[in-house]
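Protein chains: 2
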Amino acid sequence: MSSRSTPLGEFDLIERFFKTGADALRTNVDQGITLGIGDDCALLKRPTNEEIAITSDMLVEGRHFFADADPALLARKALAVNLSDLAAMGAKPLGFTLAIALPALDEAWLEAFSKGLFAIAKEHSCPLIGGDTTAGPLTISITAFGSIPVGKAIRRSGAKVGDDIWVSGMVGDARLTLAALRHEINLSSEDLQQIEHRMHQPTPRVELGVYLRDAASAALDVSDGLLGDLRHILKQSKVDAQIQLDQLPKSSVLKKQESSIQNLFAACGGDDYELCFTAPSSQQEKIQGISKSLNLPLTLIGKILPKKDGQARVYLLDASGALLSDSQAAPFLNSFDHFA
Amino acid sequence: MSSRSTPLGEFDLIERFFKTGADALRTNVDQGITLGIGDDCALLKRPTNEEIAITSDMLVEGRHFFADADPALLARKALAVNLSDLAAMGAKPLGFTLAIALPALDEAWLEAFSKGLFAIAKEHSCPLIGGDTTAGPLTISITAFGSIPVGKAIRRSGAKVGDDIWVSGMVGDARLTLAALRHEINLSSEDLQQIEHRMHQPTPRVELGVYLRDAASAALDVSDGLLGDLRHILKQSKVDAQIQLDQLPKSSVLKKQESSIQNLFAACGGDDYELCFTAPSSQQEKIQGISKSLNLPLTLIGKILPKKDGQARVYLLDASGALLSDSQAAPFLNSFDHFA
């Protein structure tokens, strides 16, 4: 938490845009932050019957967002993707640090960015407690902290043979938005308007994560595409899975696309930030109750199967329940690779 | 903690270079890391009588290091600057997360980087517990965690009028190395060799920080130049200070430079990562004892004075104890600004 500074330079900027907002937020929350921004470290104190969940995500210009991205939405998303990781463990947000590299001191940009940041921070009672600012290519690195009763964290390794596989919300709209922005697919402006918030303003499923502590056997958040992410659960739980492609929850806009695009975007499109989780069938009623309480669709999309071999296998079924042929399944097997 | 991946791409890389080293280290330490790399979050569990210190620092290519920097030294430094922040609070390292943007998948670079990283992590029993990898301009963002008994953290706000001001080790050599590498100053290769580790491999004063819990009234680590950093203590403690320039601890190599350069580099050169701290005069004997135990020079360089006005004032004294004139003091008043 260094702050290379002159009186009228960087340090003032940090004070003005970040510390003030952080202090304002801290007065509204009491979650064990005994010292916030302004010292060498922040200090956090939690009871012994809790574990602290810790996650870090970095967003880079040109890779995760366009250079002209709305700074307020960008700030929201940078925190949202970290809150989504907390949600996937069942953790309740406690606070976060922000390390940011900025190409220039653009006050209007910083004001919009910090407003967006503190808005989502307030929605989730998750104060900014420290960080670092430097000059450099625009890069946003957030580390977020959450609390969870000891032993209640939902790990990726807990899926059991016979468990149901669920996904929250809708999947594929962020990918469809990207395709429209890249002019790969034509969408009417009404349709685009209806779904683009799914790419620019993902909703971290924080409340759902807390409810799932007592229902799910494994969970993760879908950031890189449902099937690719599901494989992390399969690998760590040492199981396989079958997924009914036509069961994937899709928006009305996505449903207007041809069927192959629908399934591909829903199954493999990134940036959904929904939770994919497994649970014993005995939990179906409870899960439907959670869905009702949160007014959030939770959809049963498949089953956990015994492991066949060293691979983490996902068997894809069509609407009739028949297994897709290898050539039909091939397009679904490639997930996103940052370096590809 | 996302991990966009294909089986042979990024995820394998993370496993190979980071998870393996992290797992190897975790078997040697038991500090409440109940879950490490590989899930949505890491989990940390600590006793109620402790606070957790949290700090984030980001290093950017071209700003904090040269493009051809030795990856092992770079990794060491990236963790060292965070450990230095923990030290400045008196915290004992618990673990860290690493978010890194890489321009390419260069295996040799990654191997050297991860070796350097795990070497310093092991020296300080500070395991890697999570993080993120992405493509992008080389940027290293670390968040480190430390433990400290409740109420024992050394804050910047604790300096009192009459306290002594101390600094550990030597100051100015990192700045002198930079001047030599930039050909602003000519150094013999022997002299350069003797001091360049001070720029490339700063030593975080972790043990000193723990000892100072019971001696210091305020502390911070000197990353941006002694005088500029000291002002953060003055501002937060609402006091002024006097510093005896000729008392600043300098290496024999720095002492070969002309006197104005000596004092300027020692007082304002960045990247020292020494601890500057204040303590009541009653602690002098104890502090000298700590210096002896650690075999580390601790030098009394000034005094805390009553606050005169709204500024955080540092009065500079020459060897005779006389106040420097305004024009003599002017070169010392500008600290480093990332955006200048």
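Protein chains in written order, with this note's numbering: chain G, 37 to 376; chain X, 37 to 376.
Cβ atoms here follow ideal geometry from the backbone N, Cα and C, with glycine treated the same way.
query: When the cut-off is 8 Å and only beta carbons count, does threonine 56/X lie next to chain G?; result: no
query: Anything in chain X within Cβ reach of glycine 325/G, meaning under 9 Å, just list it in chain order.; result: In chain order: nothing, as chain X lies at least about 24 Å away.
query: Would you report the Cα separation of proline 185/X and valine 258/G, rounded to the nearest angstrom?; result: 38 Å
query: Going by DSSP, what residue range makes up the beta strand (DSSP E) through aspartate 168/X?; result: 164-171
query: Would you please verify whether the beta carbon of serine 295/G is less than 8 Å from any beta carbon of chain X?; result: no
query: For a cutoff of 8 Å on Cβ pairs, would you count leucine 318/G as touching chain X?; result: Here residue 318/G is serine; the residue named in the question, leucine, does not match the sequence. Chain X, which has no Cβ nearer than 8 Å to the Cβ of serine 318/G, makes this no.
query: Would you call the CB atoms of valine 197/X and alanine 123/X closer than 8 Å?; result: no
query: If you check the beta carbons only, do proline 163/G and alanine 254/G fall under 8 Å apart?; result: no
query: If you follow the alpha helix (DSSP H) that cysteine 77/G is part of, which residue opens it and which one closes it?; result: Where cysteine 77/G is concerned, there is no enclosing alpha helix (DSSP H), given that its DSSP letter is neither H nor E.
query: Assign glycine 338/G to buried or exposed, taking buried as 16 or more other Cβ atoms, counted over all protein chains shown, within 10 Å of its Cβ.; result: buried
query: Just to confirm my understanding: we take lysine 55/G, look at its own chain, exclude 5 residues before and 5 after, and list those with CB closer than 7 Å. What are they?; result: Ile73 and Gly74
query: Is it buried or exposed for arginine 192/G, if we count other Cβ within 10 angstroms and need 16 for buried?; result: buried
query: Of all Cβ atoms in chain X, is any one closer than 8 Å to the Cβ of arginine 211/G?; result: no
query: Give a yes or no on whether the C-beta atoms belonging to threonine 70/G and alanine 195/G are separated by under 8 Å.; result: no
query: Does the beta-carbon of glutamine 293/X have 16 or more other beta-carbons within 10 angstroms, so that it is buried, or is it exposed?; result: buried
query: Would you kindly work out how many angstroms separate the C-alpha atoms of phenylalanine 101/G and aspartate 227/G, rounded to a whole number?; result: 21 Å
query: To the nearest angstrom, how far is it from the Cα of threonine 175/X to the Cα of leucine 360/G?; result: 42 Å
query: Just verifying my parser: in three-state terms, what is the DSSP assignment at threonine 42/X?; result: Confidence is the limiting factor: at threonine 42/X the pLDDT is only 35, short of 50, which leaves the residue's position unreliable, though a coordinate-based value still follows. Reduced to three states, the DSSP call for threonine 42/X is coil.
query: Using the Cα positions of arginine 112/G and histidine 233/G, report the straight-line distance between them to the nearest angstrom.; result: 11 Å
query: Can you list the residues of chain X that glutamate 87/G reaches, using a CB-CB cut of under 7 Å?; result: Thr70, Leu79, Leu80 and Lys81
query: Taking the beta strand (DSSP E) that lysine 128/X falls in, what are its first and last residues?; result: 128-138
query: With a threshold of 8 Å, are at least 3 pairs of Cβ atoms found where one atom belongs to the stretch 212-229 of chain G and the other to the stretch 283-300 of chain G?; result: yes
query: What are the boundary residues of the alpha helix (DSSP H) that glutamate 226/X is part of?; result: 225-231
query: Residues of chain X with CB closer than 8 Å to the CB of glutamine 272/G, please, in chain order.; result: Gly74 and Asp75
query: Considering just the uninterrupted stretch of the alpha helix (DSSP H) at phenylalanine 301/X, what are its terminal residues?; result: 295-304
query: Name, going along the chain, the residues of the stretch 150-175 of chain G whose beta-carbon falls closer than 9 Å to a beta-carbon of chain X.; result: Ile165, Gly166, Gly167, Asp168, Thr169, Thr170, Ala171, Gly172, Pro173 and Thr175
query: Please report whether the beta-carbon of valine 289/G lies at a distance below 8 Å from any beta-carbon of chain X.; result: no
query: Kindly indicate which residue of Glu321/G, Leu244/G, Gln283/G and Arg99/G has the alpha-carbon position closest to the one of leucine 262/G.; result: Gln283/G
query: Three or more C-beta pairs closer than 8 Å, one from the stretch 151-167 of chain G and one from the stretch 148-155 of chain X: is that the case here?; result: no
query: Rounding to the nearest angstrom, what Cα-Cα distance links glycine 167/G and serine 177/X in this structure?; result: 10 Å
query: Hey, quick one: how far does the beta strand (DSSP E) through lysine 339/X stretch, first residue to last?; result: 334-341
query: Out of Phe368/X, Cys312/X and Gln364/X, state which residue places its alpha-carbon closest to the alpha-carbon of aspartate 200/X.; result: Cys312/X
query: One question on the structure: do phenylalanine 149/G and alanine 108/G come within less than 8 Å of each other, judged by their Cβ atoms?; result: yes
query: By the three-class DSSP mapping on this structure, what secondary structure does tyrosine 351/X have?; result: strand
query: Using beta-carbon positions only, say whether proline 129/G and alanine 78/G come within less than 8 Å of one another.; result: no
query: Any beta carbon of chain X sitting closer than 8 Å to that of leucine 263/G?; result: no
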